[in-house]
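Single-structure report; data block below.
In our numbering, the protein residues as written are 264 to 397.
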């Protein structure tokens with residue numbers, strides 16, 4: 264008799280949990296269906312075709328004017344050794360190599376024989392002292 268009571272209590276608890284879960288799920292579905300929720304997907308940028316960078320050719324006269332004033336060649340800012348130009352561009356030049364132009368040399372069939380005992384060893388003073396700078 265005690266087992267039947269426990270079983271009925273367990274079934275009642277499970278029914279309450281199922282009802283609660285279904286209610287929460289219904290609220291979630293209703294929330295997802297509403298139109299005023301912001302979309303989590305960020306729209307991407309429109310497709311822009313790739314155009315190669317336009318390389319500006321500086322005339323020798325322009326270079327001659329910029330050099331004595333210490334100006335950057337691509338902008339009108341003062342050039343210093345630590346200056347980083349915002350207009351800098353990197354160009355990658357692809358060339359086609361002729362495969363027949365390079366012929367590797369054949370290895371020497373009779374290399375000179377060196378005795379391993381006659382090799383000179385080099386021992387650095389830093390190794391003897393230890394590396395404290397690292």
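Just so it is clear, CB atoms sit at the ideal spot from N, CA and C, and this is done for glycine as well. All of these numbers come straight from a predicted model, not from anything done at the bench.
Of the listed residues the options, nearest to residue i (C-alpha basis)
{"i": "residue 343", "options": "330, 277 and 357", "result": "330"}
Span separating the alpha-carbon of residue i from that of residue j
{"i": "residue 283", "j": "residue 272", "result": "17 angstroms"}
{"i": "residue 275", "j": "residue 269", "result": "10 angstroms"}
{"i": "residue 339", "j": "residue 323", "result": "16 angstroms"}
{"i": "residue 345", "j": "residue 357", "result": "30 angstroms"}
{"i": "residue 293", "j": "residue 355", "result": "55 angstroms"}
{"i": "residue 371", "j": "residue 393", "result": "41 angstroms"}
{"i": "residue 336", "j": "residue 314", "result": "23 angstroms"}
{"i": "residue 341", "j": "residue 333", "result": "6 angstroms"}
{"i": "residue 281", "j": "residue 312", "result": "54 angstroms"}
{"i": "residue 290", "j": "residue 296", "result": "10 angstroms"}
{"i": "residue 310", "j": "residue 368", "result": "51 angstroms"}
{"i": "residue 391", "j": "residue 383", "result": "17 angstroms"}
{"i": "residue 277", "j": "residue 288", "result": "16 angstroms"}
First and last residue of the uninterrupted alpha helix (DSSP H) at residue i
{"i": "residue 389", "result": "388-392"}
{"i": "residue 326", "result": "323-332"}
{"i": "residue 278", "result": "265-296"}
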